[in-house]
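Letter 307 of the sequence shown, counting from 1, is numbered 297 in my numbering, and no numbers are missing. We put the CB at the ideal spot given by N, CA and C, even for glycine.
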Amino acid sequence: MWSNRFTRSFVSVLIFITILLVSCQEDVYPTDNEQLSHEEQIVIRFSHVVGENTPKGMAAVKFAELIKERSNGHVEIQVFPNGVLYKDGEEMNALLRGDIQMIAPAISKITTLVPEWSVMDLPYAFKNADEVHTYVNSDVGQSLMTKLNAHNLFSMGVWDSGFKQLSNSIRPIETVQDLNGLRMRIMPSDVLSEQFSIVGAYPKRIDFNTVFHQLQRGNVDGQENTLTNITSKNLHSLQDYLTISNHGYLGYLLLMNHEFWNSLPEDVQILLIETLKEVQEWEWQLAENLTAERLEEMEACDCIKIYNLSDEEKEEWESAFEPVYRYYAENYGKKYIQALPKNQSQH
């Protein structure tokens, strides 16, 4: 009898402990991703086309690590850099089809869908990254963000690459007249095309992942890009001259398939937004630091002739590019130009 009472008591204790453990772990996700079923785990495939050693590449990895840690493995960001999954001209269609869930294209590449975004491509539109961030967060900037929704795109923020510089293999570029006759690689943007065309250059729209080979084969003479992108692809090894012009901002829009975004639970949406806000501020500082480091490295290597435009020369360049602003205003209106920080300071 005593044995039966002991057995019943022991079983009761086991049942109680089991119920207690289950109730305590009900809302905790296992840290081992393999323990999660396909239905339980949320996988976000994040494709981009630049190197892992760039600000965007490093921020993508940090974002993925933080999300995995903070969701206990429930949400997994799978990062595919260097265009290994989809090339420069392919990733947008892949996102819209739902084959991937997130991309971070250069803003210039959005202009084929929402041409008003090419205000960001206007030469000397911004003096520094802080002005860019102020503009994007303004009412006008947020209205540009909203325009993406009509194309099944949800924008989650902006990451910096920095300001663009000019390189080529023909001659030093010290004045805008030196661009005359040069074949220059650009991103797909009508404003960028106009920028080079008005000074007599020949703009060539070429995917970023093929720029090295196009330069190597002599199909183009030069290109414009940020220092971190130039060095990550070793483009400067094929060029003889570099001009530090800071003539245009290059940034990336963090885009998600809108339909996919709407399918996510609210708590996951909050986690993604809050984490991205944190990573965004970290990435902004990283872009600034890496740009300075890459310039120092290029100056020290003595592998390319570097010319720095003075403030007076930049003003001359800005004046020479004024027709690009008229081109934008005629095609997309003056609203977005008037809202630029440099124009606000005049009032």
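In the DSSP output, what is residue i paired with across the bridge?
i: Arg173; result: Tyr192
i: Gln213; result: Ser157 and Arg175
i: Ala96; result: Tyr242
i: Phe36; result: Val69 and Met92
i: Lys247; result: Before going on, a small fix: residue 247 reads as Asn here, not Lys. Leu143, per the DSSP bridge assignment.
i: Ile234; result: Asn298
How many angstroms separate the CA atom of residue i from the CA atom of residue j?
i: Asn219; j: Gln328; result: 30 Å
i: Leu134; j: Ile32; result: 29 Å
i: Val18; j: Ala282; result: Confidence at Val18 is low in this model, with a pLDDT of 38, below 50, so its placement is unreliable and the value that follows should be read with caution. Using only the alpha carbons, I get a separation of about 43 Å.
i: Ser222; j: Leu232; result: 15 Å
i: Ser157; j: Leu254; result: 44 Å
i: His38; j: Pro95; result: 7 Å
i: Ala191; j: Tyr297; result: 19 Å
i: Tyr178; j: Thr200; result: Before going on, a small fix: residue 178 reads as Pro here, not Tyr. Approximately 14 Å between the Cα atoms of the pair.
i: Asn72; j: Leu266; result: 21 Å
i: Lys324; j: Arg316; result: 9 Å
i: Asn236; j: Glu30; result: 47 Å
i: Ser183; j: Gly63; result: 45 Å
i: Ser309; j: Asn333; result: 14 Å
i: His123; j: Gly238; result: 14 Å
i: Leu66; j: Ala84; result: Note on identity: in this sequence residue 66 is Glu, with Leu being the wrong assignment. Each residue's Cα considered, the two are about 19 Å apart.
i: Glu164; j: Gln185; result: 16 Å
i: Glu81; j: Tyr242; result: 14 Å
i: Asn252; j: Gln213; result: 39 Å
i: Met246; j: Ile260; result: 14 Å
i: Glu16; j: Ser61; result: Interpretation of Glu16 is limited by its pLDDT of 37, a score under 50 that renders its predicted location unreliable; the figure taken from the coordinates is listed afterwards. Whole-angstrom Cα-Cα distance: 14 Å.
i: Asp257; j: Arg35; result: 19 Å
i: Asp197; j: Arg207; result: 15 Å
i: Asn118; j: Leu86; result: 32 Å
i: His203; j: Gly47; result: 21 Å
i: Val148; j: Glu273; result: 10 Å
i: Gly131; j: Leu138; result: 12 Å
i: Thr101; j: Val126; result: 15 Å
i: Ile90; j: Ala115; result: 33 Å
Grab the span of the beta strand (DSSP E) containing residue i for me, first residue to last.
i: Phe153; result: Leu143 to Phe153
i: Gln68; result: Val65 to Phe70
For residue i versus residue j, is the C-beta distance shorter than 7 Å?
i: His226; j: Ile176; result: no
i: Leu344; j: Pro45; result: As shown, the chain starts at -9 and ends at 337. That puts residue 344 outside it, with no answer to give.
i: Ser98; j: Asp111; result: yes
i: Ala50; j: Asp150; result: no
i: Asp230; j: Ser145; result: no
i: Ala54; j: Val69; result: yes
i: Ser108; j: Val181; result: yes
i: Pro105; j: Tyr322; result: yes
i: Asn224; j: Lys154; result: no
i: Val189; j: Val166; result: yes
i: Leu228; j: Leu205; result: yes
i: His248; j: Asn142; result: yes
i: Leu240; j: Arg284; result: no
i: Lys58; j: Val269; result: no
Looking at the secondary structure, which residues open and close the alpha helix (DSSP H) in which residue i lies?
i: Ile327; result: Lys325 to Gln328
i: Lys223; result: Note, Lys223: premise wrong, no alpha helix (DSSP H); not H, not E.
i: Ile260; result: Glu256 to Cys291
i: Ser187; result: Asp180 to Ser187
i: Thr124; result: Ala119 to Asn127
i: Gln204; result: Val201 to Gln206
i: Gln334; result: Pro331 to Gln334
i: Lys46; result: Pro45 to Arg60
i: Met82; result: Glu81 to Arg87
i: Tyr76; result: Premise fails: Tyr76 is in no alpha helix (DSSP H) and is neither H nor E.
Can you find a heavy atom of the ligand SAH that lies under 6 Å from the Cβ of residue i?
i: Thr165; result: The ligand SAH is not part of this structure, which contains no ligands at all.
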